[in-house]
């Protein structure tokens, strides 16, 4: 058993990954510490109540009662499954995984008790043969016959992930044994010539099986992950007669149209696509499969260069929660599911470990601070399922989860516990060790290290670009390399070692300092962090002729409530050569820096017009327009106050 | 009975409408004559076979057998309803209505025989109590209990419209009696204190009941239409437990959130909204209700100025086939259902009759030539359900009706017979008579008139702007006014009467010539028709920084197949000050004028880039780019050749 690591994604000793997550990884202060505090004290603490209210826990109790045939066992005709979806169990597993990562970092009695109670509930619901999925146990249908929409393997994957977390956090085998029995059952059912020779409509089990293999060194699980990864893409999935799904999404929806190795585009349901690629990256790490790695690099680049929002969000299309076409990135109708941002981080982090390249952690940073974090309300109790980059003052949304209003819980509650598990595990995305030393991928005050070199980081990031790294422990005489990621957004920086400016080796996004470190050595990185205007790619139609305000890793937006006289941000353009002013506002939105930007009013709409499309010649000429001072706030903090219009992309004044 | 009119929308003698559709209305040549020939000889002629194949006609046979209890009667457990939707009957009714308008214009033996056979089939299926809806008759559920999704009144409306057309075309009461019995049944069921006190999820019966009232002068039907129109907007509809609809669209979807009189925005499902407003316009015409008229004017303006595509298409959102927010008009993900364009024409035409204002016919023209006509393949056998203004070379579409590929028939086949009935009735949208004389709303070679003044129009419109109007019959000495619509797109025109240039009275879009006409008098209107560049409204984010090519009433587009080396139109910008060259291409797409426009290549994408959003300062500078000659074709003709990219809106070169 491998128990020296208390976070997710832990390549085995045989893995080809040059980088390993740092074994010492604690966030101790600053921006993310506060978000993690809210996550632990509010989101995670209130999780069991939410899961009780939504019926998820009742499903396990009912399944356990059915199994033991006790007095409270449900009847065959009314088995009492609660919730609208086949994957309700996964909400429980994701909360559990999150709670375990949190406990591994910061022990807490009440949370630990909640965890053990839920673990027992899950264990009690498992069938003797290892099967565990309360929807089908409670009469939802015949197990393993509705692979398209049944989500049995998806839920199994989340159970396995939770079990790995529980084991790494507590050392206990209690849930790990449940996971093993389920994995063995799956192994007995799935495969060429076995009962079922296809895959799950929703990937997740793949990465889970690799992690299970890593945890208990059982090669059958790696082989099973490989089977699911290679079997996909051959058109074996179908909508079938699965209940409630009379529309056929087509094979692309669940990435069953072409094998990963042959794919040249990320397509279909964004979360499905990215969970799948995360699993493939895990497999490539464990097997050294270079063809698979090349395919993953190609698909990652396709995603980043043609299908990713400025915020790092992905999956632009409401219809089927899908990646759209290349360059189809509408700001207003952005779907940009919170879970898809998380999935992107999962994929990118695995690519960072597999390749050692900084670009992957650049995207992780951008996604963390923007597309991901916007999904979590500042209060820890409300959530966004979709994360548009533009909301109009009078916006038409159909009732349900996909609104731009923060919601306490969702009918399809995939996102909240997914946010919880990423925030709980966040320290493990900050730093890696490798043969030469330590790399800092993200900047947050805390303690990071392993293999003899441990450093303390102090920073006000993302509000300030100064990062101070002090060596706490170092091998006595061995030269080691400390690598600091130079963020792609940063145009100017200085690096000092013990007060002396050095060049540092700059290579492909890493600044490196190599020396025989001794405790007390201080490396200081100053990242210039002026507010800046960013342009869209030339082929992104939806935001052509616009610019966005950014500062450091943060994307900014205009919220109506911050503008003079609650001016609707849809009525202004930004003056491109005006200066941008940064202001510290400790009282606002938990403490943010705002950016002031000079705008000009768009011409008023003509209420008497019969047709709004003017001849180009007359539209191109414009009168001088009134100037106005606009205030931008970090995008992640939007929609935490009164409802109103919001824009990330601002039309450029004087461009017609 | 009122039988002097052989087209749809015939205000009664009591109606306040200043304009009435001209009683003489025949398209005899030119653009629309060819499209109507294809409609009659191919689309309408093949309609019965399509309806047979899709099972729609079988449903009527099964319902008739069930009623008479013959040997072929379906069993209660397997009643054999064919098709996926509750509104399958309406496809039959719409084809029938179309066929009747066509027969009224041009008798044809085979089509007449088809019509009478279908009429008998329908009559045989009607229950003794007047009820008629094969889905519920064949075991689909309990009639009048699923108003949200049941579509019973919607189908009833289409039956009534077909019956009115059959009566006006043939003089027969056979189908009209069926319609009366159904209307009487509805009248006995619906109303305050009656069995059902709510409305249908899909409007249509309202305008049908007004037309029935107009046809047989029965005030109860007008009152029933009024009841449905006024009852709506009070939140009485619900999704309920209707089968297959577990998602609640919210009251706005079917315009049940606010009464028409109070609404200030067109919202929700576009076809539902516009069929409803067409019915309200009919009611306002018959009752002189000025409050209702004011509301309709307000809603029409909201639609035109904030929610209408350049093509006249409406209903931008795939999600729930809805109007989006104001200014939410994406070119790529435009839903723009063909039926919504037809519904917009229905609404606008009624407003033209009600107000006498030219703006409504301006929109009818634009929609006819672009957003509507694109839905009909040049071959008369293939259709588009959705009508985007941009299709990428590699476009991701889910399987089903909503693709940008022409399809022989749809699972939800609302659009094809809707196109057929508009093309069949088209002559009746061309001209009106009023107290002072004759107005020409649209320009097509043919004979138009009534009340003593009849003219022959000769024109090559829309390829050429010359319209020659020759008086065929005129009252001997009475001065009459001939009014010609001056299209809003036209910046320059000349008007001559018998060879002498006159000013004409120009008022609010009408050019008028008043005199005592005599046969042979010739009025000639020359509309300058240069190709032109058009700009988008400042607040339409999706196409900011672009321009579109137009000529006359036609919107143009770039199709990949016409460009040098099949250049992808997504890779070019248009040079705004370059000249546009019009070329006649009789061999192309049934004969069109193309427009050549100078473009420049967008910078190539950088395949090695890790992040595609550049700093504004570096993006704004651009190198000189290669120039290229592009060929635009009329938008209505797109997607009739090999699949490929298409763009209406072209980025402006040198705008970053």
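Residue numbers (our numbering), protein chains in the order written: chain A, 1 to 656; chain B, 1001 to 1656.
All residues carry an ideal CB built from backbone N, CA and C; glycine is no exception.
Using 7 Å as the limit for Cβ to Cβ distance, is residue i near chain A?
i                       : result
residue 1245 of chain B : In this prediction, residue 1245 of chain B scores a pLDDT of 45, lower than 50, which makes its location untrustworthy; the coordinate-derived value is nonetheless stated afterwards. No, residue 1245 of chain B lies away from the interface with chain A (no Cβ there is under 7 Å from its Cβ).
residue 1095 of chain B : no
residue 1534 of chain B : yes
residue 1277 of chain B : no
residue 1305 of chain B : yes
residue 1590 of chain B : no
residue 1653 of chain B : no
residue 1242 of chain B : Since pLDDT at residue 1242 of chain B reaches only 47, below the 50 mark, its modelled position is unreliable, and no value is offered.
residue 1616 of chain B : yes
Tell me which residue opens and which closes the beta strand (DSSP E) that residue i is part of.
i                       : result
residue 1185 of chain B : Residue 1185 of chain B -> not in any beta strand (DSSP E); alpha helix (DSSP H) instead, spanning 1174-1189.
residue 1200 of chain B : Here residue 1200 of chain B belongs to no beta strand (DSSP E), and DSSP marks it neither H nor E.
residue 1526 of chain B : 1522-1527
residue 1286 of chain B : From DSSP, residue 1286 of chain B is part of no beta strand (DSSP E) but of the alpha helix (DSSP H) over 1270-1287.
residue 1484 of chain B : 1480-1485
residue 961 of chain B  : The structure shown does not extend to residue 961 of chain B, since chain B spans only 1001 to 1656, so no value can be given for it.
residue 1155 of chain B : Taken as a continuous stretch (DSSP letters only), residue 1155 of chain B belongs to no beta strand (DSSP E), being part of the alpha helix (DSSP H) at 1152-1170.
residue 1438 of chain B : 1437-1440
Step through the CB atoms of chain B and report whether any lies within less than 7 Å of the CB of residue i.
i                      : result
residue 82 of chain A  : no
residue 328 of chain A : yes
residue 187 of chain A : no
residue 487 of chain A : no
residue 310 of chain A : yes
residue 320 of chain A : yes
residue 611 of chain A : yes
residue 332 of chain A : yes
residue 202 of chain A : no
residue 393 of chain A : no
residue 547 of chain A : yes
residue 396 of chain A : yes
residue 638 of chain A : no
Could you please give me the residues that DSSP links to residue i through a beta bridge?
i                       : result
residue 506 of chain A  : A:511
residue 1446 of chain B : B:1027, B:1457
residue 1390 of chain B : B:1647
residue 593 of chain A  : A:584
residue 546 of chain A  : A:651
residue 473 of chain A  : A:454
residue 615 of chain A  : B:1534
residue 573 of chain A  : A:600
residue 376 of chain A  : A:383
Measuring only from the beta carbon, is residue i closer than 6 Å to any heavy atom that is part of the ligand NAD?
i                       : result
residue 1172 of chain B : For the structure depicted, the ligand NAD is absent and the ligand set is empty, with no information on it obtainable.
Please report the Cβ distance between residue i and residue j, rounded to the nearest whole angstrom; I am assuming they are in contact, meaning their Cβ atoms lie under 8 Å.
i                       : j                       : result
residue 1396 of chain B : residue 325 of chain A  : 5 Å
residue 1183 of chain B : residue 1212 of chain B : 6 Å
residue 1051 of chain B : residue 1057 of chain B : 5 Å
residue 362 of chain A  : residue 1610 of chain B : 7 Å
residue 1549 of chain B : residue 1538 of chain B : Rounded, the Cβ-Cβ distance is 20 Å, inconsistent with contact.
Using a 10 Å radius around the Cβ and a threshold of 16 neighbouring Cβ atoms, would you call residue i buried or exposed?
i                       : result
residue 15 of chain A   : buried
residue 288 of chain A  : exposed
residue 1276 of chain B : buried
residue 1394 of chain B : exposed
Taking the continuous alpha helix (DSSP H) assigned at residue i, which residues delimit it?
i                       : result
residue 1064 of chain B : 1056-1068
residue 298 of chain A  : 290-306
residue 1227 of chain B : 1219-1231
residue 559 of chain A  : It is not in any alpha helix (DSSP H) - residue 559 of chain A instead sits in the beta strand (DSSP E) that spans 554-559.
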